[in-house]
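A.B. asks: Residue numbers for the sequence shown follow our numbering, so the first one is 303 and each next one is one higher.
Built from N, CA and C at the ideal position, the CB exists for glycine as well.
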Amino acid sequence: MGLYLVIAFVAVLINKKMISGLIKDTAKDTALIMFGGATALIIGLLVVLTHNVWTVGWVGLITLLGWICLVKGALMLLMPQKAPSLSVKMSDGLITFCSLIMLILGAFLAYIGFLGQ
303 MGLYLVIAFV AVLINKKMIS GLIKDTAKDT ALIMFGGATA LIIGLLVVLT HNVWTVGWVG
363 LITLLGWICL VKGALMLLMP QKAPSLSVKM SDGLITFCSL IMLILGAFLA YIGFLGQ
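(1) With DSSP run on the structure shown, which of helix, strand or coil describes Trp356?
(2) Using a Cβ-Cβ cut-off of 8 Å (strictly less than) and excluding sequence neighbours within five positions of Val350, which residues of its own chain qualify?
(3) Out of curiosity, what's the CA-to-CA distance linking Ile335 and Thr328?
(4) Flag this pair as yes or no: are the beta carbons of Gly346 and Pro382 separated by less than 8 Å?
(5) Give me the residue from Leu411, Leu305, Leu396, Met303 with the minimum Cα distance to Gly359.
(6) Relative to the alpha-carbon of Ile309, which residue among Ser401, Phe416, Leu379, Leu348 has its alpha-carbon at the smallest distance?
(7) Please classify Gly408: is it buried, with 16 or more other beta-carbons within 10 angstroms of its beta-carbon, or exposed?
(8) Relative to the alpha-carbon of Leu396, which residue among Gly304, Lys319, Met303 has its alpha-carbon at the smallest distance?
(9) DSSP three-state call for Pro386: helix, strand or coil?
(10) Alpha carbons only, please: which of Met378, Phe311, Ala313, Met303 is nearest the one belonging to His353?
(11) Can you tell which of Ala333, Tyr413, Leu324 has its C-alpha closest to the C-alpha of Asp394?
(12) Could you check where the alpha helix (DSSP H) with Lys326 kicks off and where it finishes?
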């Protein structure tokens, strides 16, 4: 999960302008919202069903990220008309801030995953 987060959010930071446009374009396409919701739900379910460990530390962080993904996917599928209004309101500054947080979390998880505790 750590390496995925690092690669994904470095890509977001490098392509901020394109990502902003992509968010606005995706918000207009219900099929893409439903596909994204189904994908997030499946990934969240995989993490939660295989790693539902609530502890303080990096192990619990993986569980928390899995649950966030699961809830996000479920909400996108259950309320596809609400998802666009939330994502379109994200400013470039907020996208950068959230991406940096996820990049730091990913780097931390990658460090733990590759070099141990």
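C.D. replies: According to the structure data:
(1) If you number the sequence shown from 1, residue 356 lands on position 54. Coil at Trp356, not helix or strand.
(2) Here the question's residue 350 lines up with position 48 in the sequence shown. Counting only Cβ-Cβ distances below 8 Å, and skipping sequence neighbours, we find Thr365, Gly368, Trp369, Leu372.
(3) For the purposes of this step, residue 335 is taken as the residue at position 33 of the sequence shown. For the purposes of this step, residue 328 is taken as the residue at position 26 of the sequence shown. Cα to Cα, Ile335 sits roughly 7 Å from Thr328.
(4) In the sequence shown, the residue the question calls residue 346 occupies position 44. In the sequence shown, the residue the question calls residue 382 occupies position 80. Cβ distance not < 8 Å, so Gly346 and Pro382 don't count as in contact.
(5) Looking up residue 359 in the sequence shown gives position 57. The option with the nearest alpha carbon to Gly359 is Leu411.
(6) The sequence position of residue 309 within the sequence shown is 7, counting from 1. Of the candidates Ser401, Phe416, Leu379, Leu348, the one whose C-alpha sits nearest the C-alpha of Ile309 is Ser401.
(7) Along the sequence shown, read from residue 1 onward, the residue named residue 408 stands at position 106. Counting Cβ neighbours within 10 Å, Gly408 comes out buried, since at least 16 surround it.
(8) Here the question's residue 396 lines up with position 94 in the sequence shown. For Leu396, the nearest C-alpha among the options comes from Lys319.
(9) Taking the sequence shown and counting its residues from 1, one reaches residue 386 at position 84. In the structure shown, Pro386 sits in a helix (DSSP, three-state: H, G or I).
(10) For the purposes of this step, residue 353 is taken as the residue at position 51 of the sequence shown. Out of Met378, Phe311, Ala313, Met303, Met303 has the C-alpha closest to the C-alpha of His353.
(11) Counting from one through the sequence shown, the residue named residue 394 turns up at place 92. The shortest Cα separation from Asp394 among Ala333, Tyr413, Leu324 belongs to Leu324.
(12) Within the sequence shown, numbered from 1, the residue matching residue 326 stands at position 24. Here the alpha helix (DSSP H) through Lys326 covers 318-328.
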